[in-house]
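Right, one structure below, let's go through it.
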Amino acid sequence: MSWNPQTALLAPTPEPPAEAAARRVRRNAGIAALLLLPALVAAKVLVLSTEAGGRCLMQGGCRPFPGEVFLALLAAVVASCVVVQSAPRRFQKRALTAQLALEALAVLTVLAYP
0 MSWNPQTALL APTPEPPAEA AARRVRRNAG IAALLLLPAL VAAKVLVLST EAGGRCLMQG
60 GCRPFPGEVF LALLAAVVAS CVVVQSAPRR FQKRALTAQL ALEALAVLTV LAYP
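When you line the sequence shown up against numbering that gives the first Met the number 0, it's residues 0 to 113, in that order.
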């Protein structure tokens, strides 16, 4: 078999492991960001399906939802997602961890207030 320079140029070069890991982290951050809204909706449905949540919905008198805190959490989630997508590789895993923690905190906030 002889070497052909035209096919050698077209052959895909393997991706370095560090680049593959960075691409995986960015993909996971995007998936987590996309799943945040369904998680928030599911948490709200879960809270409203409880006895206290149903009573709160039908009769009122609930504790007020901390809207400013929730919006600040969502802004921090968006910021951490942007950091994951644009930061150097050494910061991406930490930013993804922060993003997941902030998303969990946002879901827990929705669960705490019917």
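Backbone N, C-alpha and C define an ideal beta-carbon position, used for all residues, glycine too. From a predicted model like this one, the values you see are computed outputs, not experimental measurements.
In the DSSP assignment, THR108 falls within the unbroken alpha helix (DSSP H) covering 88-111.
Close CB contacts of LEU95 within its chain, under the 7 angstroms cut and outside five residues either way in sequence, are with VAL24, ASN27, ALA28, VAL83 (chain order). When only Cα atoms are considered, ALA103 and GLU50 end up about 24 angstroms apart.
One Cα belongs to SER79, the other to LEU45, and the distance between them is close to 27 angstroms. If one requires a minimum length of 4 residues, the alpha helix (DSSP H) runs lying completely within the segment 2-67 are 4-9, 16-47, 50-58, in chain order.
With contacts defined as CB atoms closer than 7 angstroms, LEU101 and LEU72 qualify as a contacting pair. Residue environment analysis places LEU35 among the buried positions, since at least 16 neighbouring C-beta atoms fall within 10 angstroms of its C-beta.
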